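In what follows, a structure is listed as structure tokens, so that the remarks can point back to it.
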Amino acid sequence: MHKIACVVLTFLLLLSAGITQAEPDSDSALKDLSIESARIFFPDAQQLAPVLDDIPARPVFDSGDVIGYLFITDEIKPIPAYSGKPISLLVGMAADGEIRGVKILHHEEPVLVIGVEDQHLQKFIDQYTGINADQRVRIGAHDRPGYLGVDGITGATITSMVINHSVIRSAKEVLDAVRSRPKVAPADEQARQQTEAAGVSTEKLDDIDFLRENYATVTLLGAALLFLLGILFFQDWLAKRKRLYEYVRTGYLILTVLYIGIYLRAQLSAVNLFAFAQRLGQQLFWESLLYDVAIFMLWAFVACTILLWGRGVYCGWLCPFGALQELIYNAARKLKVPQFTFPSVVHERLWAIKYFLLIILVGVSLGSMARVAPLLEVEPFKTTFGLLFQREFVYVAYALGLLVAAAFNSRFYCKYLCVLGAALSIFSRFHVFEWLRRRKECGHPCQACAKACPLDAIKPTGEIIDSECHYCLRCQVLYWDEYTCPPLVEKRKRREARERKQQSGNIIASRELR
């Protein structure tokens, strides 16, 4: 089943990338605008001139005077958004650079199709009315000197940033093109030319301070990822100390839920993979990745660890929804909640569900990311961490239902429904390291690890199923536990017998000396 899914998905992903790159760019949208479009922003407009030669913008006239310009952002700054495709925005800008309004023409953002209400989206874009193109505008920068702050869309951080950059950068470029540039000193001009020759735009230089803005995120999340690497490199040392392992494991899961999930809202999603496939090889995609530094860091970490250890490192330690399920399951066990597991034959068949879901989603996404948005609600991530359960009842009930199921069956969603896990498991088959230790007795006759595995990812014959393993290290704790692992138990008993025999001999010898 895994081999078939791998072949089919690889073909579909390549087809997705090919279709996307073959799509012709349409530059007729601006040309087709009528005077009525101009009057949305300029009620007194009398004439809409043709597109300018040096910049895709159309002047708006009133009584023979230019009063403003109309332009479409993706024809000037086509910045890919969360879906991997630009958001098309119609902007009306006065001749002095004041933005008169913004209107969304087209987008394929899943979070805007389902999850964000129209009034919230309209409230967000209305904030740009009255802003001048020369101003430096950033999401949430209300208390930062030199910046004008606007409120982002809750649960749509990357989309908010893309809209902000698209509007402000496009407006700035149009304004610079239509007005005379101020003279610059020769040294400044030479520096500008050298910068452009090096492939670095002034806009990118202006955005370098994103590290300063995200210093706390880079530092704390970076420290958490380094600590996880330490766990992986010293996993044998940790697994030999069962009590310490339990503290570290539980503490890290709590950190993942509270910090990565609730505070950073950095829950990775299959949407990211679809977007990456559609924008594969296009330079603009890499710029959009940096809009959410936490998402970028996590995906970079996943890309490295999946090649070294497999997908289990992310799924078992860094996925907020998976961590929340495990914490609920552990609490339920302590409260003596009855547990339910499927028979092995049924369990293996249920595994296939997430692969079929992935194939369906990839196939639908070939046509449009907006079309696949309703189906992506199979992922409860947006409801749980993106919107913190602040949405329609049906989505909240679905997410809560999965969490309740996790109390009776460990990581129920991860095992049977997780589309992201299914996609990552395909790449997990090619990982480099095999650091999970096994003994020849594993499976023959010992079944201790197989029974203890919360994912049921160990075959009755003792082999670990890499595509389903979450690298929780519980089997390694048992591997080193001389009170649980049968081969070690036998060795311990023989050692203790020798020690008792030696102690008895010492006692007899001491009595004889007396």
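With mature numbering (1 follows the signal peptide of the UniProt record, and there is no 0) applied, the sequence shown covers -22 to -1, 1 to 492.
Heads up, the beta-carbon is just placed ideally off N, CA and C, and yes, glycines get one too.
Bear in mind the structure is a predicted one, so any value in this text is a computation, not a measurement.
In this structure, DSSP gives residue 481 a helical state, which the three-state scheme calls helix. Excluding residues up to 5 positions away in sequence, 59, 60, 61, 65, 137 lie with their Cβ nearer than 7 Å to the Cβ of residue 87 in the same chain.
Between the segment 365 to 384 and the segment 336 to 344, the count of Cβ pairs shorter than 8 Å is below three; the stretches do not touch. Note on geometry: alpha-carbon atoms of residue 191 and residue 269 lie some 11 Å from one another. Using a Cβ distance threshold of 9 Å, residue 479 and residue 446 do not count as a contacting pair. DSSP places residue 29 outside both helix and strand once states are collapsed to three, so it counts as coil.
Sixteen is the threshold: when 16 or more other Cβ atoms of the shown chains lie within 10 Å of the Cβ of residue 152, as they do, the residue is buried. Nearest C-alpha to residue 322 among 370, 429, 359, 404: 429. Listed in chain order, the alpha helix (DSSP H) elements of length 4 or more contained wholly in the segment 212 to 241 are 213 to 217, 220 to 233. Here DSSP, grouped into helix, strand and coil, assigns residue 36 to strand. Look at residue 411 here: in three-state DSSP terms it is coil, with no helix or strand label. By the neighbour-count criterion, in which a residue is buried when 16 or more other Cβ atoms sit within 10 angstroms of its Cβ, residue 444 is buried. In the three-state reduction of the DSSP assignment, residue 392 falls in the helix class, which pools H, G and I. If you check the CB distance, residue 107 and residue 79 come in under 9 Å. Annotated as proximal: residue 20 and residue 45, with beta-carbon spacing under 9 Å. Here residue 452 has 430 as same chain residues with Cβ atoms under 6 Å from its own Cβ, once five neighbours each way along the sequence are excluded. Non-local beta-carbon contacts of residue 109 in its own chain, meaning distances under 7 Å to residues more than five positions away in sequence, involve 77, 115, 126 in chain order. Taking every protein chain shown into account, the CB of residue 434 has 16 or more other CB atoms within 10 angstroms, so this residue is buried. Under the DSSP assignment, residue 443 falls outside any alpha helix (DSSP H); it carries neither an H nor an E label.
Residue 250 and residue 477 have their alpha carbons spaced roughly 59 Å apart. If you ignore the 5 residues before and after residue 427, its C-beta comes within less than 6 Å of the C-beta of 436, 453, 456, all in its own chain and listed in chain order. Residue state for residue 326 is assigned as helix, using DSSP reduced to three classes.
One alpha carbon belongs to residue 111, the other to residue 367, and they sit about 36 Å apart. Taking the Cβ atoms as the reference, residue 55 lies roughly 5 Å from residue 147, within the contact range of under 8 Å. Residue 305 is not a Cβ neighbour of residue 361, given a cutoff of 9 Å. Residue 357 sits away from residue 272, with the two beta carbons spaced by 9 Å or more.
Rounded to whole angstroms, residue 372 and residue 352 show a C-alpha spacing of 13 Å. 9 Å or more divides the Cβ of residue 471 from the Cβ of residue 399.
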